[in-house]
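One structure is given below, encoded as structure tokens.
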Amino acid sequence: FHLGVTPSILRKRYNMTAGDVGVVANNSQACAQFLEQYFHQADLAEFMQLFGSSFAHRSQVDRVVGHQGRGKAGLEASLDVEYIMSTGANISTWVFSNSGRHESQEPFLAWLLLLSNMSSLPWVHTVSYGDDEDSLSLAYMERVNLEFMKAAARGLTILFASGDDGAGCRRVPGGNHTFRPSFPASSPYVTTVGGTSFKNPFLVTAEVTDYISGGGFSNVFPMPQYQAAAVGRFLRSAPKLPPGSYFNRSGRAYPDVAALSDNYWVVTNRVPLPWVSGTSASTPVVGGMVALINDRRLGRGLPPLGFLNPALYRLAGGGHSDAIYDVTHGCHLSCLDGTVQGQGFCAGPAWDPVTGWGTPNFPGLLRALLAP
Amino acid sequence: GHAPEPDQLFRPPSPPPPQRAPGWTHSGRVDPRHGVQLTFALRQRGAQRLAQIVDAVSDPRSPRYGQYLSLEQVRDLVQPSPTTLLTVLKWLQGHGVENCQSVTTRDFVECHMPASTAERLLPGAEFHRFVKGQQSTVRSPRPYTVPDELAQHLDFVSGLHRFPPERRGSSSTRDTKDVGSG
């Protein structure tokens with residue numbers, strides 16, 4: 262029985278033992294913040310005091326890149342830091358704080374510039390930010406996508422939240438509706454994280470989809486080869502699909518993976534807050550696990566995981582069934598109209614556009630990803 | 002001129018719906034002497050080669066799996082051609098823009114200049130201030146252009162249209178109705 266998601270609940274659900282904490286010195290992880298989102302070291306310390314007694318952890322962020330304001334802590338920044346350090350426990354953690362030092366600066370681009378300018382960076386980065394694809398220029402999205410390729414070539418893993426609007430909805434000229442993909446979640450060179458809920462919200466049970474979990478098909482980026490078989494299988498075998506006019510079945514499909522995204526406890530401004538939800542919660546949880554797998558790889562003299570998707574789709578599609586909990590129940594939100602009646606895609610066996618491959622079973626995922 | 006981002010929506014801050022946090026509100030055009038910072042995304046080389054490398058170093062079946070590049074190796078692959086660098090720098094200098102810095106990969110150039118210079122540099126642009134609470138941002142509600150001869154050297158200019166990002170994977174506490182149904 263529990264009253265919400267805390268580090269110990271996550272670690273229990275994903276089968277992380279007390280020994281699953283970072284041990285190597287040259288490993289690190291990071292989350293990026295935009296706008297005026299700051300975290301307080303004191304909140305992190307209190308969070309770990311309240312919720313971190315069952316595993317070795319750090320209670321301090323090691324490095325802040327950029328400007329950390331002196332104002333109140335932001336809920337989102339607190340959430341990111343507290344949870345990446347709960348699954349990626351005992352791993353050195355950085356925060357990139359891109360509030361937009363200059364009022365004409367674009368903070369997201371400022372973060373990309375930092376990546377292009379720093380020769381030594383954490384191996385794992387989590388970001389909970391996105392825009393509707395249709396609001397952005399093609400030139401901008403293609404260039405940002407190329408920036409992610411640069412990061413991938415350097416061995417960085419970049420994880421994006423899939424968003425909290427399900428498949429999204431947009432009215433197109435003529436009055437019809439289509440789903441509304443989100444970028445950078447739809448970039449083929451990032452790993453996108455969706456959301457789930459416990460089937461019984463007060464017990465550590467199996468997971469079902471979180472109806473807000475963002476997912477769908479890009480209208481800009483074609484489907485990459487690494488996911489073609491998995492997505493093709495979904496499109497062929499799903500018992501019910503939205504009408505073809507609502508989505509681009511040949512586009513990059515997301516999310517790739519998921520984790521719990523509902524009912525988190527967060528300490529912000531020294532106050533423990535319950536009921537914090539969204540894929541911005543699930544993303545640092547997965548990010549911390551990837552950083553921990555990197556830790557084990559680095560400890561064995563192996564390179565870090567880098568761009569995760571080719572390995573993820575290979576292992577999940579190749580029968581490593583103990584690496585991932587397949588989430589097969591529930592659907593996510595979409596257009597409130599007579600055709601789809603608020604329902605987007607539904608989860609099913611193997612990959613689906615609500616929870617990707619499903620949620621991590623840490624020991625199985627570690628085993629599979631230590632092998633390549 | 003050439004419009005690098007004709008499809009980029011400029012989203013003028015809309016009046017906030019009731020009971021929601023206030024959005025960005027327009028507070029007028031900035032003084033011509035007001036400083037702006039623009040980032041020029043220079044056209045890179047080697048995009049196709051970069052894609053091949055990413056495939057090779059990320060695919061566990063590849064013999065190059067895990068053989069990542071250093072930042073300097075990435076720079077050598079993607080840095081813009083000397084012609085691109087010269088053309089863009091000459092254009093900037095021709096407008097008196099001198100306060101610029103590049104990044105290690107040489108594919109972005111950040112420059113500071115007065116708004117009046119930026120408006121001459123990017124015909125069509127017009128810098129206005131928008132505020133939200135304590136925050137202030139300067140953006141152009143009108144599309145910008147660059148000279149035709151820059152079309153093949155510049156991907157886009159940052160700092161004109163896109164507003165600072167809102168949290169997308171929102172972590173706001175859900176309302177009690179949702180919690181109750183859970």
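Protein sequences, first through last, are from chains A and B. When the letters of the first sequence are read in order and numbered with our numbering, they come out as residues 262 to 633. When the letters of the second sequence are read in order and numbered with our numbering, they come out as residues 2 to 183. Quick reminder that beta carbons are idealized off the backbone N, C-alpha and C, glycines included.
Comparing alpha carbon positions, the residue from L630(A), A629(A) and N622(A) closest to T278(A) is N622(A). Excluding residues up to 5 positions away in sequence, I585 and W618 lie with their Cβ nearer than 6 Å to the Cβ of A577(A) in the same chain. Comparing alpha-carbon positions, the option among D583(A), L631(A) and P610(A) lying closest to G625(A) turns out to be D583(A). In this structure, A400(A) and F11(B) do not form a Cβ contact; the two beta carbons are roughly 15 Å apart against a cut-off of 8 Å. Excluding five sequence positions before and after E408(A), the CB atoms of its chain that fall closer than 6 Å to its own CB belong to L373, given in chain order. Assignment of K411(A) by DSSP, reduced to helix, strand and coil, places it in the helix class. Taking all protein chains in view, the Cβ of Q68(B) is surrounded by fewer than 16 other Cβ atoms within 10 Å, so the residue is classified as exposed. G477(A) counts as buried, since no fewer than 16 other beta carbons sit within 10 angstroms of its beta carbon. Contact annotation for Q366(A) against chain B: Q38 and G160 [CB-CB distance below 7 Å, chain order]. Separation of the CB atoms of E364(A) and V139(B) is rounded to 5 Å, and the pair is thereby assigned contact status at 8 Å.
The C-beta of Q80(B) comes no closer than 8 Å to any C-beta of chain A. Taking CB atoms only, H263(A) has no neighbour in chain B less than 8 Å away. Per DSSP, reduced to three states, the secondary structure at Q294(A) is strand. With contacts defined by Cβ atoms closer than 8 Å, L631(A) and R558(A) form a contacting pair. Under the 10 Å beta carbon count, F482(A) is surrounded by 16 or more other beta carbons and is classified as buried. Residue range T540 to G560 is occupied by the alpha helix (DSSP H) that includes V551(A).
Within the region 333-395 of chain A, the complete alpha helix (DSSP H) runs of at least 4 residues fall at 336-348 and 368-376.
DSSP places A490(A) in the helix class (H, G or I) of the three-state scheme.
Contact check for N359(A) against A293(A) passes: the beta carbons are separated by less than 8 Å.
In its chain, beyond the 5 residues on either side, C292, D341, I345, L420, T544, P545 and G548 have a beta carbon closer than 7 Å to the beta carbon of T387(A).
In this structure T418(A) is in contact with L569(A), their Cβ atoms being roughly 5 Å apart against a cut-off of 8 Å.
Taking a beta-carbon distance threshold of 8 Å, V58(B) counts as an interface residue toward chain A. Rounded to the nearest whole angstrom, the C-alpha separation of T267(A) and G283(A) is 19 Å. Taking C-beta atoms as the reference points, A126(B) and S141(B) count as a pair closer than 8 Å. Only L566, G567, F568, L569, N570, P571, A572, R575 and L576 from the region 566-582 of chain A bring a Cβ to less than 9 Å from some Cβ of chain B.
Straight through space, the alpha carbons of S443(A) and S479(A) are spaced by roughly 8 Å. The beta carbon of Y69(B) sits closer than 8 Å to some beta carbon of chain A. Comparing alpha carbon positions, the residue from V588(A), T439(A), A572(A) and W612(A) closest to R628(A) is A572(A). Judged by DSSP secondary structure, M484(A) falls outside any beta strand (DSSP E); it is assigned neither H nor E. With respect to chain B, the C-beta atom of G416(A) has a partner C-beta closer than 8 Å. At a cut-off of 8 Å between C-beta atoms, Q9(B) counts as an interface residue with respect to chain A. At a C-beta separation below 8 Å, A413(A) has these neighbours in chain B: V55, V58 and S59.
Listed along chain A are K411, A414 and R415, each with a C-beta nearer than 7 Å to that of V75(B).
In the three-state scheme derived from DSSP, where H, G and I count as helix and E and B as strand, P571(A) is classed as helix. L51(B) places its beta carbon 8 Å or farther from that of S380(A). Chain B places no beta carbon closer than 8 Å to that of A499(A), leaving this residue out of the contacts.
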